[in-house]
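A.B. asks:
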Amino acid sequence: MPLPYEHAAIEQRWQARWAAERLHEVDLTAVAAAGASGSSARKLYNLVEFPYPSAEGLHIGHALTYAGADVWGRMQRRRGHVVLQPMGFDSFGINAENYALKVGVHPGELMARTTANYRRQLTALGCGWSWDTEISTCDPGYYRWTQWVFLRLFEAGLAYQAEAPVLWCPSCQTVLAREQVEGADPSGVRAAEARGTTAGLGSCERCSTPVIERILRQWFLRTTAYVERLLAGLDDLDWPAKAKNRQRAWIGRRDGVDGRVTYRLRDWLISRQRYWGPPIPIVHCESCGAVAVPDDELPVLLPKSKDVGVLRPTRAGRSPLARFGDWVRTSCPRCGGEGRRDTDVSDTFLDSAWYFLRYPSVDVPDRPWDTERTARWLPVDQCAGGPEHVTRHHLYARFVCLALHDRGLIPFAEPFPRLRLHGMLTMGGAKMSKSRGNVINPDKLLAEHGADVTRLGLLFTRPWDADGDFDPAVMVGVERFLARVWRLTTAPPGDGGAGLDLGRTVDSVIRSIEQMQFNTAIAALMGLVGQLLSQDQPPGREVRRVLVSLLAPFAPHVSEQLWHDHVGEPGSVHTAPWPPRR
Ligand SMILES: [Zn+2]
Ligand SMILES: [Zn+2]
0 MPLPYEHAAI EQRWQARWAA ERLHEVDLTA VAAAGASGSS ARKLYNLVEF
50 PYPSAEGLHI GHALTYAGAD VWGRMQRRRG HVVLQPMGFD SFGINAENYA
100 LKVGVHPGEL MARTTANYRR QLTALGCGWS WDTEISTCDP GYYRWTQWVF
150 LRLFEAGLAY QAEAPVLWCP SCQTVLAREQ VEGADPSGVR AAEARGTTAG
200 LGSCERCSTP VIERILRQWF LRTTAYVERL LAGLDDLDWP AKAKNRQRAW
250 IGRRDGVDGR VTYRLRDWLI SRQRYWGPPI PIVHCESCGA VAVPDDELPV
300 LLPKSKDVGV LRPTRAGRSP LARFGDWVRT SCPRCGGEGR RDTDVSDTFL
350 DSAWYFLRYP SVDVPDRPWD TERTARWLPV DQCAGGPEHV TRHHLYARFV
400 CLALHDRGLI PFAEPFPRLR LHGMLTMGGA KMSKSRGNVI NPDKLLAEHG
450 ADVTRLGLLF TRPWDADGDF DPAVMVGVER FLARVWRLTT APPGDGGAGL
500 DLGRTVDSVI RSIEQMQFNT AIAALMGLVG QLLSQDQPPG REVRRVLVSL
550 LAPFAPHVSE QLWHDHVGEP GSVHTAPWPP RR
């Protein structure tokens, strides 16, 4: 059953209107700081993990995550919160760099292109992003502060250099963190630590090349100094039990018989002998050793080259930055003598270990985050993201926040008090991948069905947090549902549905959205529509109002159209108060 309306025209109309009216932008000073009294509105920081903008464009799994988080945010806004729902781009890192070098463009140029494509897709999905606060980690205005964070850890003795046996990918020509190696079972990991063997070390997660071992001087962050607090802090977090257990297992505390406690967690190896990352802001001096670049000299900008070949990794295991002699030679900030810049760049996971601190302060030029804004907006109220991040991103962000908190730089210790993890969307029982040819392109779904049907289809197909197949047939059912809603609400009003207990549906939708169980919320709406269809007369105004109102977070465009043109309400449905509970 095709839709009885032109979805493309409706989506264009309302997306243009929302942008013009700045519907999803937030006055960052309109909410009170935590603990402050007064009548200021309640803040809600709806964080979703930002994407790495790959050349292929947005993955359907992103669309599922973002649609779910957006539904939650939209309901919370209408229940009285000021919702900050930022979006940004994790745009440094080896994936972008490898692809750029392969196709012979500068990674910065590639990122500008892929980021523009992501922005287009993220908007087309109809999510209420607060684009005013957009960040991109490869922007010097951002990585200046990544370097600043590194220096605070360095000052605290939490960043150090050491000769270490490291896992090396001969193809990517870079050091890999243990977390970036696949197929290294526990005995393989032990083999890596017992130097000199290569068997069982695993293979590079990016290119599948078996990794080897090399001895190199590397930068580490002292995550092991926080190991007990990282474990203890987990107890009080509102995280899925599965996620807590995975992080606990990763930290791997073992109590030996003689009372000696050991951990699986090692210090975080953060230096990369690559080009596309923030240069480590350290100057090496013969007399003073490793000296921090003064804060007022940040950012240490990446040297530029029109010749992309110069950016390639070196076989010697030195960073391509070492090729820029004029850039490397500098004076020592402490003694003024000859100095050499550190030529490594930091791991992309350091960029994402603090990005949520920057969003509310993105327009503040001279500090990484504004104290007052941070007190108003942080910690985040919900972080929605991927289960694959529990042992890396979520752990690193917790470590960095603990360390910053100890230094008195942020007023809280835990960045993600409430974490929700989406399920893995598969096709034919397998992870979607180009090589399997089972990738569903969100652009295709959006063009064929429109954003409203795509959102509903993704969220209805299965519980948001469960792994499983995407069933394209669900799109047909969802279109039939929207067609029915359209007919019910555009017919001349009658008094159908007058005796229905609408409050019950409202309660059920609220409960389901709060639990991120969007499929059951949609089922409740489908149930209501079924009841209305069985009535002798079309529904009256109040019933339409509630139906469109509850549908709006899921299908924001067609709901806005119905609200405006047929329910006859002034203003946007997305700012209208949420219907009352039973
Ligand atoms: Zn590799
Ligand atoms: Zn010196």
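For the sequence shown, this note's numbering assigns the number 0 to the initial residue and increments by one for each residue that follows.
All C-beta atoms in this analysis are idealised placements derived from N, C-alpha and C, irrespective of residue type, glycine included.
For Pro302, tell me which candidate among Asp294, Asp325, Ala291 has the shortest Cα-Cα distance.
C.D. replies: Cα-wise, what sits closest to Pro302 is Asp325.
A.B. asks: Taking the continuous beta strand (DSSP E) assigned at Cys284, which residues delimit it?
C.D. replies: Per DSSP, Cys284 belongs to the beta strand (DSSP E) from 281-284.
A.B. asks: Taking the alpha-carbon positions, what's the Val174 to Gly316 distance?
C.D. replies: Spanning the two alpha carbons is a distance of roughly 8 Å.
A.B. asks: Tell me, please, whether the segment 85-96 touches the segment 404-420 by the rule of three or more beta-carbon pairs shorter than 8 Å.
C.D. replies: Contact between the segment 85-96 and the segment 404-420 is absent, because fewer than three Cβ pairs lie under 8 Å.
A.B. asks: Please list, in chain order, all residues with a C-beta atom less than 7 Å from at least one heavy atom of ligand 1.
C.D. replies: Residues flagged by the Cβ proximity filter: Cys168, Ser170, Cys171, Cys203, Arg205, Cys206, Thr208.
A.B. asks: Using the C-alpha atoms, what's the distance from Arg391 back to Glu178?
C.D. replies: Near 7 Å, if we compare the C-alpha coordinates of Arg391 and Glu178.
A.B. asks: DSSP state of Ala315, grouped into three classes?
C.D. replies: Looking at Ala315 - three-state DSSP - the assignment turns out to be coil, as it is neither helix nor strand.
A.B. asks: Do you know how far the Cα of Pro209 is from the Cα of Val188?
C.D. replies: Model confidence at Val188 stands at a pLDDT of 46, short of 50, so the residue's coordinates are unreliable; what they give is reported in the following sentence. C-alpha separation (whole angstroms): 13 Å.
A.B. asks: Taking the CB atoms as reference points, tell me whether Ile279 and Leu220 lie closer together than 8 Å.
C.D. replies: Contact: no.
A.B. asks: Do you know whose CA, among Gly127, Thr488, Gly103, Trp463, lies nearest Glu20's CA?
C.D. replies: Nearest of Gly127, Thr488, Gly103, Trp463 to Glu20, Cα basis: Gly127.
A.B. asks: Can you tell me where the alpha helix (DSSP H) with Met525 in it begins and where it stops?
C.D. replies: From DSSP, the alpha helix (DSSP H) with Met525 extends over 517-532.
A.B. asks: Just curious, the alpha helix (DSSP H) that Arg16 is in, first and last residue?
C.D. replies: Arg16 -> alpha helix (DSSP H) spans 6-19.
A.B. asks: Can you give the Cα-Cα distance for Gln14 and Asn518, rounded to whole angstroms?
C.D. replies: Their backbone Cα atoms lie some 25 Å apart in a straight line.
A.B. asks: Given this structure, state the Cα-to-Cα distance separating Asp564 from Phe153, to the nearest angstrom.
C.D. replies: Distance between the alpha carbons of Asp564 and Phe153: 59 Å.
A.B. asks: Whole angstroms are fine: how far does the CA of Cys206 sit from the CA of Ala190?
C.D. replies: Annotation note: pLDDT 44 at Ala190 (below 50); position unreliable, no value reported.
A.B. asks: Tell me which residues share the same chain as Thr504 and place their Cβ nearer than 8 Å to its Cβ, disregarding the 5 neighbours each side in the sequence.
C.D. replies: The answer, listed in chain order, is Ala523, Leu524, Gly526, Leu527, Val545, Leu549.
A.B. asks: Quick one: residues in its chain with C-beta nearer than 8 Å to the C-beta of Tyr262, no 5 flanking neighbours on either side, listed in chain order?
C.D. replies: Here the set comprises Thr223, Val226, Ile250, Gly251, Arg252, Arg253.
A.B. asks: Please classify Cys137: is it buried, with 16 or more other beta-carbons within 10 angstroms of its beta-carbon, or exposed?
C.D. replies: It is buried - the Cβ of Cys137 has at least 16 other Cβ atoms within 10 Å.
A.B. asks: Return yes when the C-beta of Arg333 is under 7 Å from any heavy atom of ligand 2, and no when it is not.
C.D. replies: Yes; taking the cut-off as 7 Å, the Cβ of Arg333 has a heavy atom of ligand 2 nearer than that.
A.B. asks: Taking the beta carbon of Arg16 as the centre, do at least 16 other beta carbons fall within 10 Å, making it buried, or is it exposed?
C.D. replies: Flag for Arg16 reads exposed.
A.B. asks: Do Gly182 and Gly201 have their C-beta atoms closer together than 8 Å?
C.D. replies: Yes, the Cβ-Cβ distance between Gly182 and Gly201 is below 8 Å.
A.B. asks: For the alpha helix (DSSP H) holding Gln75, just list the boundary residues, first then last.
C.D. replies: Its alpha helix (DSSP H) spans residues 59-77.
A.B. asks: With distances taken from CA atoms, which of Ala40, Ala29, Phe49, Tyr4 is nearest Ser351?
C.D. replies: Closest option to Ser351, Cα to Cα, is Phe49.
A.B. asks: In the DSSP assignment, find the unbroken beta strand (DSSP E) run with Phe219 in it and report its ends.
C.D. replies: 211-220 is the extent of the beta strand (DSSP E) around Phe219.
A.B. asks: Checking the sheet assignment: what are the DSSP bridge partners for Gln381?
C.D. replies: Answer by DSSP bridge pairing, in chain order: Asn45.
A.B. asks: Over what stretch of residues does the alpha helix (DSSP H) that includes Arg419 continue unbroken?
C.D. replies: Arg419 -> not in any alpha helix (DSSP H); beta strand (DSSP E) instead, spanning 418-420.
A.B. asks: Taking Gln530 as the reference, which of Val307, Thr28, Ala450, Asp500 has the closest Cα?
C.D. replies: For Gln530, the nearest C-alpha among the options comes from Asp500.
A.B. asks: Helix, strand or coil, according to DSSP, for Ile409 in the structure here?
C.D. replies: In the structure shown, Ile409 sits in coil (DSSP, three-state: anything other than H, G, I, E or B).
A.B. asks: Distance, Cα to Cα, Ser90 vs Met474?
C.D. replies: About 33 Å.
A.B. asks: Look at the Cβ atom of Phe469, then the Cβ atom of Met426, and state whether they are nearer than 8 Å.
C.D. replies: Yes.
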